[in-house]
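The structure under discussion appears below in the form of structure tokens.
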Amino acid sequence: DMGNSENRLQKRVEDSQIEQVFQVRPEHLNGAGRLFGGQLMAWIDEVAALVGLRHAQSNIVTASVDNLEFIQGAYQNDLIVLVGRVTFVGNTSMEVRVDTYVESMVDGMRRPINRAYLTLVAVDENGKPQKVPQLCIETESQRAEWEAGQKRKAMHIQRKKEGF
Numbered sequence: 051d052m053g054n055s056e057n058r059l060q061k062r063v064e065d066s067q068i069e070q071v072f073q074v075r076p077e078h079l080n081g082a083g084r085l086f087g088g089q090l091m092a093w094i095d096e097v098a099a100l101v102g103l104r105h106a107q108s109n110i111v112t113a114s115v116d117n118l119e120f121i122q123g124a125y126q127n128d129l130i131v132l133v134g135r136v137t138f139v140g141n142t143s144m145e146v147r148v149d150t151y152v153e154s155m156v157d158g159m160r161r162p163i164n165r166a167y168l169t170l171v172a173v174d175e176n177g178k179p180q181k182v183p184q185l186c187i188e189t190e191s192q193r194a195e196w197e198a199g200q201k202r203k204a205m206h207i208q209r210k211k212e213g214f
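Under the numbering used here, the residue at position 92 of the sequence shown is numbered 142, and the numbers go up by one with no gaps.
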């Protein structure tokens, strides 16, 4: 039970997983004719927020984002597919992984262009952090993600202590 004896509601990764598709339009491009990084960030944040909402069933705020490197660019009319899922939960926080792909109009193949991990905090109507449901780990890959999420959380705590 991931070492938590409280009887908090448990949810499965699938319960809150989201897949969302956007098409790159002219207003999403930067001066070089590629998908603007800020637009991708907005979509990633939106998908992560929806995943967090579904898991916590409360309002949430984004606390941090890890990794916004583009593996490759995306261009006008490309289909961008974002898949978001909860990978780790703390007491009031959740880590959400969002994988971004470009989907080919020709053969439907998906090429990864980004993977980001966002830390979200569940808050009540007064903005105070509140407890989130536990995560039911069912597969080896979910367990590996959980363990990596634990390490990332420890790193975040260490960075805070060091002042950045």
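For glycine and all other residues, C-beta sits at the position ideal for the given N, C-alpha and C.
Values in this document were obtained by computation on a predicted structure and should not be read as measured data.
Practice item. Taking L85 as part of the beta strand (DSSP E), name the residues at either end of that continuous run. Key: Run containing L85: none; DSSP gives neither H nor E here.
Check your understanding: Looking at C-beta atoms only, is the number of pairs between the region 167-183 and the region 103-114 that lie closer than 8 Å three or more?
Key -> Counting Cβ pairs under 8 Å, three or more are found: they touch.
Exercise for review: Please work out which residues of its chain come closer than 6 Å, Cβ to Cβ, to T137, disregarding the five sequence neighbours upstream and downstream, and give them in chain order.
Suggested key: Excluding residues within five positions, the ones whose Cβ falls inside 6 Å are E145, R147, E195, G199.
Review point. Roughly how many angstroms lie between the CA atoms of V101 and V71, to the nearest whole one?
Key: Their Cα atoms are separated by approximately 15 Å.
Check your understanding: Are at least three pairs of beta-carbons, each pair with one atom in the region 125-136 and one in the region 62-77, less than 8 Å apart?
Key -> Yes, they touch.
Review point. Taking Cβ positions, are Q60 and H78 nearer each other than 8 Å?
Key: Against a cut-off of 8 Å, the Cβ pair of H78 and Q60 comes out as no contact.
Review point. Around the Cβ of G177, are there at least 16 other Cβ atoms within 10 angstroms (buried) or fewer (exposed)?
Key: By the 10 Å Cβ count, G177 comes out exposed.
**Study point:** Same chain, Cβ closer than 6 Å to D157, neighbours up to 5 away in sequence not counted
**Key:** There are no such residues.
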